[in-house]
Structures are given as C-alpha cells and as structure tokens.
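Step one of this worksheet: look at the structure below.
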DNA sequence: CGCCAGGCTTAGG
DNA sequence: CCTAAGCATGGC
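Residue numbers (the working numbering): 2 to 298.
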C-alpha cells in the first residue's frame, strides 16, 4: 500500500484537529477510529480513499483505494495540506492573540488547532445553506440524508465512504425530492439553483479565488448575488473553502454564544460590540472564529 | 406550547 | 443603505 508522509509546521496539534472533526456530531464525510481518519476524496474527478494518522511529527497518509500514480500522490498531498491549512504560519496569529484578552486563553488551551477546511466550494456553500437557522445536530442529519441518497461512495471492507454529491446530480433533483429529506422548500430551491450555477459556470472556486485576490468584499458581493447566500453563508465559505483570513461570519449564533461565554455576558453581544472586540483581529478573523467555535465544545 | 437553532428574502422606508 | 416581518424545519 502506498503511504505518503506530510511534514507538519511547528505549530500543530493533531489531537486538537481530531477534536474538531470528532466534536460530537455525526459527520458522514469522514470517519474516525481512535487516532485514524478515513476519508474519501474527489480530486479533479479522481476518487480515492485515504487514511490519515499522526506519527512523530508527520502525517502519514495511506492510500487505501484509488490512483497511486506519482502525479495523483502529489495531488493528495496538496489536498491534505489545504484541508488542514498547513501552509498558514500561525505564529503571527499567536503573537497577536497573546495581547488579546479573548484569544489568549483560547490559544493556550487549544494550541495547535488549525482551520479544517471544506475544499469543494459546492459542498461548502451547500453545507452552509443546510445549516442556516437550524441546530447543528439536525443540520448534520439533513446532510447525511442528502449524501446517502445522492453521493457516490467508495466501498472498503464492506463500509461505504461517501463523497458529497456533485452539482450534476443535485441540479437534477426536484424540490419535493429534497423536501422528503427534511429540507425546507426554500433551502431545496437554493441548493438546486446553486448546483445549476456551478454547471453553467456562473460560479467556481477558481474564479472567486482569482477575483478575490486582496479583495474579500468583491467575493462577498459575487456570492451574495446567488439566492440563499447571504453574508453569513458567504463568509463561512470564504473561511472554510477559499481560506480568506479576514473572512468573518459575524452574524453567527455560535460565535455570539462563544463570546457571551468567554466574556461572561448576560446576553449575546451586539454586532457593534463584536466589531469593537475584534478590532485587533485584522486578517485573523477567521482563525479567531475557529478558536471561539472550539470553545463551545 | 414556547424558544432556540452555525439566516435569508422581501417589503417598506 | 437600514429595519422589520415573514418564512421553513426540527430539537428540546
């Protein structure tokens, strides 16, 4: 079996990353056994199944199934690098956070946690739409229903490892079919139209990354043109998929609750209050959000 | 039954 | 540009 080794940055804690992937929710797009992550990947329409584990300062990635050509091995490596956001130098974030009363205790407590991404933009946006205004447990349940009905999977030792459905498949769904999976009428409509936008080339990760160079407002404005994508959803995707460091889902209920808890407030903070508190987080808003979410357990 | 949940759209200023 | 109201769908 092919095994790849991925060198890790100095600031990295595998258990912290695992804790995010494993935080009490039933995510259907990866599986964790003890300290090993198993996940199916779709990289440029080439499907593979990998297991990931940590050993003495490196990530060991075993290719359980799929193309083992050198070229594809390189693509898997680069995928994992992006998924765990290994290229970001967290030292600058920690230096800033050391002077921030909210972030300092979180950084001490969750040292080495990285932003675990959602590399596929259609998946990131669909997942954000699914999660709008509902509790996370139900959101994961709804995602599982969608994935198990429309996603491809790799069968390995009798266990299916699913991939998120492609725009091609979802674009052909009916609203009523998705309603049977407990989507609201609006969310079903949004996701089907979103899939069609991907197919028609109205939206793509590459194009947004290009247009967004140094201009995250341009990305927000392009994303929010699509029905069902507001500023929260746009910023969520910018954070989890496009890895724009200043992305900040400021309306997020989880963020509000985390701040309320950290600051021991009686009520959730207002937008103005959050803007004030986050003054020093420039270009690290997305990481500040990751660490605040982590504090919710 | 009521309130909350990783919001969005539309109508009306 | 800003605010309020209406909207779905469950979990607890």
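Where a beta carbon is used, it is the ideal one built from N, C-alpha and C, also for glycine.
Everything numeric in this text was worked out from a predicted model, so none of it was measured.
On the premise that residue j lies in contact with residue i, defined as a C-beta separation below 8 Å, what is that separation, rounded to the nearest angstrom?
i           : j           : result
residue 149 : residue 242 : The pair is not a contact, with the Cβ atoms about 23 Å apart (cut-off 8 Å).
residue 206 : residue 29  : In fact, because the Cβ distance is near 22 Å, the residues do not count as touching under 8 Å.
residue 279 : residue 289 : 7 Å
residue 283 : residue 270 : Not confirmed; about 19 Å, so no contact.
residue 112 : residue 43  : 32 Å between Cβ atoms; not a contact.
residue 151 : residue 50  : Not confirmed; about 19 Å, so no contact.
Per DSSP, residue i is paired with what?
i           : result
residue 41  : 50
residue 154 : 163
residue 62  : 5, 53
Specify, as a first and last residue, the run of the alpha helix (DSSP H) that residue i falls within.
i           : result
residue 77  : 71-84
residue 11  : Here residue 11 belongs to no alpha helix (DSSP H), and DSSP marks it neither H nor E.
residue 208 : 206-212
residue 177 : 176-180
residue 199 : 186-200
residue 291 : 286-295
residue 122 : 122-132
residue 241 : 232-241
residue 312 : Residue coverage of the chain in this structure runs from 2 to 298, which leaves residue 312 outside it and unanswerable.
residue 96  : 91-98
When the Cα atoms are used, what is the spatial distance from residue i to residue j?
i           : j           : result
residue 219 : residue 231 : 14 Å
residue 141 : residue 274 : 30 Å
residue 78  : residue 268 : 44 Å
residue 1   : residue 177 : A query on residue 1 cannot be resolved here, the shown segment of the chain reaching from 2 to 298 and no further.
residue 194 : residue 73  : 32 Å
residue 76  : residue 115 : 20 Å
residue 109 : residue 102 : 12 Å
residue 186 : residue 24  : 29 Å
residue 172 : residue 71  : 34 Å
residue 255 : residue 81  : 27 Å
residue 179 : residue 160 : 25 Å
residue 211 : residue 204 : 12 Å
residue 181 : residue 192 : 14 Å
residue 90  : residue 100 : 18 Å
residue 244 : residue 237 : 10 Å
residue 131 : residue 83  : 23 Å
Taking the alpha carbon of residue i as the reference point, which residue from the options has its own alpha carbon closest?
i           : options            : result
residue 22  : 234, 192, 102, 53  : 53
residue 166 : 156, 111, 4, 124   : 124
residue 57  : 7, 181, 20         : 7
residue 292 : 240, 277, 266      : 240
residue 37  : 138, 55, 170, 20   : 55
residue 3   : 62, 12, 34, 235    : 62
residue 127 : 214, 211, 168      : 168
residue 287 : 191, 272, 248, 259 : 248
residue 225 : 96, 153, 129, 33   : 129
residue 229 : 122, 213, 16, 189  : 189
residue 46  : 84, 137, 86, 154   : 154
residue 106 : 133, 88, 263       : 263
Starting from residue i and walking both ways along the beta strand (DSSP E), at which residues does that stretch end?
i          : result
residue 32 : 32-34
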